[in-house]
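What follows is a set of notes on a single structure, which appears directly below.
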Amino acid sequence: MKTLVGLTGGIGSGKTTIANFFKELGVPIYIADTEAKALMNRSKVIKRKLIALFGDNAYQNEKLNRDFLSKQIFNNKDLLQKMNAIVHPKVASHFKRWVKKQEAPYVISEAAILFENGSYKKYDYIITVTAPEEVRLKRVMSRDNSSKEKVKSVMNNQWKDEEKIKLSDYVIQNINLEEAKAQVLQIHQNLLQKLQKD
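Here's what the structure looks like:
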């Protein structure tokens, strides 16, 4: 059985940066968000269900209309949950197939809402990436050209760091890149030691 490690953290915590540090160490990385977007464009089943849920505007020129969708689910938890119920099971089965092809001692799945959707229970270890709220706000506003209000609304839909930390095996403070990289290396070595014992 392949060891599964979940990597999570609130919006703007720098999960992808941390995932890339693990990738540099040869760890296979599955970015759930990227795969979800690809599947939303590729899967006929998802397409049909999303059009049924959001109407014909869900897709434009055969491509997912992300602006339209994010406006629909902005501040609408019910629609967000319905959309996740369509997309997440497909991503989960895609992930299972991907894991089977990997050779490394452990793999990492990077996902924003591991705790929120209960999928954290499927992992052997959980790594949570944290950063102060002000830092995260600045990162996301400059990265996505988003308003403070919009970023805050996403944050409010996610668990607080304190809640995540209680259920995590490892926590990476991602403020200084060099320090974060050192933490990644430590965790990597720690995991490899644990897996040798098993």
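Under our numbering, the first residue of the sequence shown carries the number 32, and numbering increases by one thereafter.
Cβ coordinates follow ideal geometry from the N, Cα and C atoms, glycine included.
1. Who pairs with I139 in a beta bridge, going by DSSP?
2. Considering just the uninterrupted stretch of the beta strand (DSSP E) at I117, what are its terminal residues?
3. Give every residue of the same chain whose Cβ lies closer than 8 Å to the Cβ of L111, excluding the five residues on either side of it in the sequence, and list them in chain order.
4. What are the residues that DSSP puts in a beta bridge with K102?
5. What's the call for E141, buried or exposed, on a 16-neighbour Cβ count within 10 Å?
6. Excluding the 5 residues preceding and the 5 following K80 in the sequence, name in chain order all residues of the same chain whose CB lies nearer than 6 Å to its CB.
7. Say yes only if the C-beta of S173 is nearer than 7 Å to one or more non-hydrogen atoms of the ligand GTP, and no if none qualify.
8. Which term fits K161, buried or exposed, when burial requires 16 or more other beta carbons within 10 angstroms of its beta carbon?
9. Between which two residues does the beta strand (DSSP E) harbouring I206 extend?
10. Any idea what DSSP makes of Q91, helix, strand or coil?
11. Smallest Cα separation from Q227: which of V171, P136 and N207?
12. Taking the alpha carbon of T47 as the reference point, which residue from M32, E210, T65 and G57 has its own alpha carbon closest?
13. If you compare alpha carbons, which of H219, Q224, I77 and L223 is closest to N51?
14. Please tell me whether R167 and G57 are closer than 8 Å, where the distance is taken between their beta carbons.
15. Which residues share a DSSP beta bridge with Y156?
16. Would you call the region 73-87 in contact with the region 171-183, where contact means no fewer than 3 C-beta pairs closer than 8 Å?
17. Take V190 and list the residues in its own chain whose beta-carbon comes closer than 7 Å to its own, dropping the five residues that flank it on each side.
18. Which residues does DSSP list as the beta-bridge partners of Y201?
19. Within 10 angstroms of the Cβ of D87, are there 16 or more other Cβ atoms? Answer buried if so, exposed if not.
The short version:
1. V36 and I60
2. Segment K108 to K132 is the alpha helix (DSSP H) holding I117; no beta strand (DSSP E) there.
3. I104 and N188
4. Per DSSP, none; premise fails for K102.
5. E141 comes out buried.
6. Here the set comprises I117.
7. Questions concerning the ligand GTP fall outside what the structure shown contains, since it holds no ligand whatsoever.
8. The identity of residue 161 in the sequence shown is Thr, whereas the question assumes Lys. So T161 ends up on the buried side.
9. It is not in any beta strand (DSSP E) - I206 carries neither H nor E in the DSSP assignment.
10. strand
11. Here the closest residue by C-alpha is P136.
12. T65
13. H219
14. no
15. V36
16. Cβ pair count under 8 Å is below three, so no.
17. Strictly speaking, residue 190 in this sequence is Trp, with Val absent from that position. Here the set comprises F146 and E147.
18. I158
19. exposed
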